[in-house]
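Peer 1: First, the structure itself, so that you have it in front of you.
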Amino acid sequence: MNYLRSVLLCFLHISYFTGGSQSFDANSKMVGSIITHREELTGTIDINLALNQVLWSQDNSMRIVSASQIKMVLVEDTPKYTGNTINEEHYLFEILANGYVTILFREGIIKDEFTQKKFSGYFTVVKDKLVELERKKDFFELMGSDDKWMSLHIKNNDLNLERKEDIVKIFQYYNQTYEATHPSP
486 MNYLRSVLLC FLHISYFTGG SQSFDANSKM VGSIITHREE LTGTIDINLA
536 LNQVLWSQDN SMRIVSASQI KMVLVEDTPK YTGNTINEEH YLFEILANGY
586 VTILFREGII KDEFTQKKFS GYFTVVKDKL VELERKKDFF ELMGSDDKWM
636 SLHIKNNDLN LERKEDIVKI FQYYNQTYEA THPSP
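Heads up, the sequence shown is in my numbering, so the first residue is 486 and it goes up one at a time.
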(Lines of atoms letter the chains of each structure in order from A; the text may use other names.)
(Lines give C-alpha, C1' and ligand atoms only; values in the text may rest on other atoms or scores of the structure.)
Protein backbone atom coordinates (compact mmCIF):
# COMPACT_ATOMS: atom_id res chain seq x y z
CA MET A 486 0.00 0.00 0.00
CA ASN A 487 2.86 2.40 0.78
CA TYR A 488 4.32 1.62 -2.63
CA LEU A 489 1.09 2.65 -4.41
CA ARG A 490 0.85 5.78 -2.29
CA SER A 491 4.46 6.70 -3.13
CA VAL A 492 3.87 6.14 -6.84
CA LEU A 493 0.67 8.23 -6.72
CA LEU A 494 2.40 11.06 -4.86
CA CYS A 495 5.30 10.96 -7.31
CA PHE A 496 2.89 11.07 -10.26
CA LEU A 497 0.98 14.01 -8.76
CA HIS A 498 4.24 15.85 -8.05
CA ILE A 499 5.49 15.39 -11.62
CA SER A 500 2.06 16.34 -13.07
CA TYR A 501 1.97 19.53 -11.02
CA PHE A 502 5.39 20.72 -12.16
CA THR A 503 4.81 19.70 -15.78
CA GLY A 504 1.39 21.36 -15.96
CA GLY A 505 2.52 24.50 -14.15
CA SER A 506 5.55 25.09 -16.31
CA GLN A 507 5.58 27.47 -19.25
CA SER A 508 4.46 25.91 -22.45
CA PHE A 509 5.15 27.00 -25.97
CA ASP A 510 3.34 25.72 -29.03
CA ALA A 511 5.73 23.50 -30.93
CA ASN A 512 3.67 23.96 -34.10
CA SER A 513 4.33 27.69 -34.18
CA LYS A 514 8.11 27.47 -34.29
CA MET A 515 9.56 29.54 -37.10
CA VAL A 516 12.86 31.06 -38.12
CA GLY A 517 13.07 34.75 -37.39
CA SER A 518 14.57 37.53 -35.30
CA ILE A 519 13.71 39.21 -32.06
CA ILE A 520 14.80 42.83 -31.87
CA THR A 521 15.06 43.88 -28.25
CA HIS A 522 16.03 47.24 -26.81
CA ARG A 523 19.63 45.97 -26.57
CA GLU A 524 20.25 43.33 -29.23
CA GLU A 525 18.98 41.28 -32.13
CA LEU A 526 18.49 37.53 -31.65
CA THR A 527 18.20 35.41 -34.79
CA GLY A 528 17.21 31.76 -34.72
CA THR A 529 14.14 29.67 -34.03
CA ILE A 530 11.35 31.56 -32.32
CA ASP A 531 8.14 30.40 -30.70
CA ILE A 532 5.46 32.96 -29.74
CA ASN A 533 3.39 32.52 -26.57
CA LEU A 534 0.70 35.21 -26.57
CA ALA A 535 -0.88 33.91 -23.36
CA LEU A 536 2.34 34.63 -21.45
CA ASN A 537 3.44 37.59 -23.65
CA GLN A 538 6.77 35.92 -24.29
CA VAL A 539 8.86 34.59 -27.14
CA LEU A 540 11.09 31.55 -26.79
CA TRP A 541 14.30 32.02 -28.78
CA SER A 542 16.70 29.20 -29.51
CA GLN A 543 19.82 28.78 -31.59
CA ASP A 544 22.16 25.81 -31.49
CA ASN A 545 22.35 24.91 -27.78
CA SER A 546 21.19 28.28 -26.46
CA MET A 547 17.66 29.16 -25.35
CA ARG A 548 16.15 32.29 -23.88
CA ILE A 549 12.68 33.51 -23.01
CA VAL A 550 12.17 37.14 -24.00
CA SER A 551 9.24 39.01 -22.46
CA ALA A 552 7.05 41.61 -24.19
CA SER A 553 8.64 44.40 -22.12
CA GLN A 554 11.99 43.70 -23.82
CA ILE A 555 10.69 43.29 -27.37
CA LYS A 556 10.70 46.07 -29.94
CA MET A 557 9.78 43.78 -32.81
CA VAL A 558 9.64 40.14 -33.90
CA LEU A 559 10.50 39.56 -37.56
CA VAL A 560 9.64 36.47 -39.59
CA GLU A 561 11.11 36.32 -43.10
CA ASP A 562 12.21 39.95 -42.62
CA THR A 563 8.57 40.99 -42.10
CA PRO A 564 7.46 42.58 -38.82
CA LYS A 565 4.95 40.18 -37.19
CA TYR A 566 4.77 41.16 -33.50
CA THR A 567 5.71 44.06 -31.28
CA GLY A 568 5.83 44.59 -27.55
CA ASN A 569 3.85 47.48 -26.15
CA THR A 570 2.29 48.72 -22.93
CA ILE A 571 -1.36 49.31 -22.18
CA ASN A 572 -2.86 49.82 -18.71
CA GLU A 573 0.71 49.61 -17.38
CA GLU A 574 0.95 45.98 -18.55
CA HIS A 575 3.24 44.65 -21.28
CA TYR A 576 1.67 42.72 -24.15
CA LEU A 577 2.70 41.23 -27.47
CA PHE A 578 0.65 42.67 -30.32
CA GLU A 579 0.28 41.18 -33.79
CA ILE A 580 1.27 43.66 -36.50
CA LEU A 581 -1.49 43.66 -39.12
CA ALA A 582 -0.12 46.57 -41.16
CA ASN A 583 3.19 48.37 -40.96
CA GLY A 584 4.17 51.54 -42.79
CA TYR A 585 2.64 54.99 -42.93
CA VAL A 586 -0.22 53.58 -40.83
CA THR A 587 0.49 50.84 -38.32
CA ILE A 588 -2.35 48.61 -37.19
CA LEU A 589 -1.82 46.30 -34.21
CA PHE A 590 -4.10 43.56 -32.96
CA ARG A 591 -4.46 41.89 -29.59
CA GLU A 592 -7.74 40.55 -28.34
CA GLY A 593 -8.80 39.93 -24.77
CA ILE A 594 -7.21 42.89 -22.99
CA ILE A 595 -9.51 44.16 -20.25
CA LYS A 596 -10.28 47.86 -20.57
CA ASP A 597 -12.27 48.29 -17.34
CA GLU A 598 -11.75 45.96 -14.38
CA PHE A 599 -15.08 46.90 -12.81
CA THR A 600 -17.29 46.13 -15.83
CA GLN A 601 -14.86 43.60 -17.39
CA LYS A 602 -15.24 45.49 -20.69
CA LYS A 603 -12.51 44.59 -23.18
CA PHE A 604 -10.69 46.66 -25.78
CA SER A 605 -11.80 46.20 -29.39
CA GLY A 606 -8.52 44.46 -30.16
CA TYR A 607 -7.37 46.97 -32.81
CA PHE A 608 -4.83 49.68 -32.09
CA THR A 609 -2.60 52.16 -33.83
CA VAL A 610 0.45 54.00 -32.51
CA VAL A 611 0.37 57.80 -32.24
CA LYS A 612 3.42 59.53 -30.76
CA ASP A 613 4.62 56.26 -29.17
CA LYS A 614 1.23 55.69 -27.47
CA LEU A 615 -1.34 53.04 -28.29
CA VAL A 616 -4.68 54.36 -29.47
CA GLU A 617 -7.66 52.03 -29.64
CA LEU A 618 -9.58 51.77 -32.90
CA GLU A 619 -13.19 51.10 -31.91
CA ARG A 620 -15.32 52.25 -34.85
CA LYS A 621 -15.07 52.28 -38.63
CA LYS A 622 -14.71 56.05 -38.34
CA ASP A 623 -11.47 55.57 -36.36
CA PHE A 624 -9.98 53.54 -39.24
CA PHE A 625 -11.01 56.13 -41.85
CA GLU A 626 -9.51 58.97 -39.78
CA LEU A 627 -6.12 57.23 -40.14
CA MET A 628 -6.38 57.75 -43.90
CA GLY A 629 -6.84 61.52 -43.64
CA SER A 630 -7.84 63.09 -46.96
CA ASP A 631 -7.45 59.70 -48.68
CA ASP A 632 -10.56 58.33 -46.95
CA LYS A 633 -12.90 58.92 -49.91
CA TRP A 634 -10.96 56.96 -52.53
CA MET A 635 -10.12 54.30 -49.93
CA SER A 636 -13.84 54.00 -49.16
CA LEU A 637 -14.40 53.29 -52.86
CA HIS A 638 -11.56 50.76 -52.86
CA ILE A 639 -13.11 49.00 -49.84
CA LYS A 640 -16.56 48.93 -51.46
CA ASN A 641 -15.32 47.86 -54.92
CA ASN A 642 -13.31 44.99 -53.44
CA ASP A 643 -16.06 43.85 -51.06
CA LEU A 644 -13.87 44.45 -48.01
CA ASN A 645 -15.22 44.93 -44.50
CA LEU A 646 -13.60 46.85 -41.63
CA GLU A 647 -15.13 44.36 -39.20
CA ARG A 648 -13.08 41.42 -40.48
CA LYS A 649 -9.45 41.11 -39.42
CA GLU A 650 -8.25 39.66 -42.74
CA ASP A 651 -9.90 42.55 -44.62
CA ILE A 652 -8.31 45.14 -42.32
CA VAL A 653 -4.94 43.60 -43.21
CA LYS A 654 -5.71 43.88 -46.95
CA ILE A 655 -7.05 47.44 -46.65
CA PHE A 656 -4.08 48.86 -44.78
CA GLN A 657 -1.43 46.93 -46.68
CA TYR A 658 -2.90 48.40 -49.86
CA TYR A 659 -3.17 51.85 -48.30
CA ASN A 660 0.43 51.81 -47.05
CA GLN A 661 1.76 50.62 -50.44
CA THR A 662 -0.26 53.27 -52.27
CA TYR A 663 0.75 55.99 -49.81
CA GLU A 664 4.44 55.16 -50.16
CA ALA A 665 4.12 55.16 -53.98
CA THR A 666 2.40 58.56 -54.06
CA HIS A 667 4.46 60.14 -51.26
CA PRO A 668 8.07 59.03 -51.89
CA SER A 669 10.63 59.74 -49.20
CA PRO A 670 13.17 62.45 -50.05
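Ideal Cβ positions, reconstructed from N, Cα and C, are used throughout, including at glycine.
Only a predicted model underlies this, so the values are computations on that prediction, with no experimental measurement involved.
Below 8 Å, how does it come out for the segment 626 to 637 and the segment 555 to 566: are there three or more Cβ pairs, yes or no?
Peer 2: no
Peer 1: Going by the DSSP bridge assignment, what does residue 553 pair with across the sheet?
Peer 2: DSSP, once it has assigned bridges, lists no residue as partnering residue 553.
Peer 1: Alpha carbon to alpha carbon, what distance is there between residue 544 and residue 667?
Peer 2: 43 Å
Peer 1: Compare the Cα-Cα distances from residue 593 to each of 581, 600, 662 and 606 and report the closest residue.
Peer 2: 606
Peer 1: Should residue 551 and residue 538 be called a contact, given that it needs their Cβ atoms to be closer than 7 Å?
Peer 2: For the pair residue 551 and residue 538, the CB atoms are nearer than the 7 Å cut-off.
Peer 1: Suppose you measure from the CA of residue 526 to the CA of residue 541; what does that come to, to the nearest Å?
Peer 2: 8 Å
Peer 1: Secondary structure at residue 607, three-state DSSP: helix, strand or coil?
Peer 2: Judged by DSSP in its simplified three-state form, residue 607 adopts strand.
Peer 1: Per DSSP, what kind of secondary structure is residue 535 in: helix, strand or coil?
Peer 2: coil
Peer 1: Is residue 588 closer than 7 Å to residue 581 when the C-beta atoms are compared?
Peer 2: yes
Peer 1: Under 7 Å, do residue 517 and residue 532 count as touching if we go by C-beta distance?
Peer 2: no
Peer 1: Would you say residue 615 and residue 577 are within 7 Å of each other, going by their C-beta atoms?
Peer 2: Note that the C-beta distance between residue 615 and residue 577 is not below 7 Å.
Peer 1: Suppose the cutoff is 8 Å on Cβ atoms and the five residues either side in sequence are ignored; what does the same chain contact list for residue 660 look like?
Peer 2: Answer for residue 660: 582, 583, 584, 585 and 586, listed in chain order.
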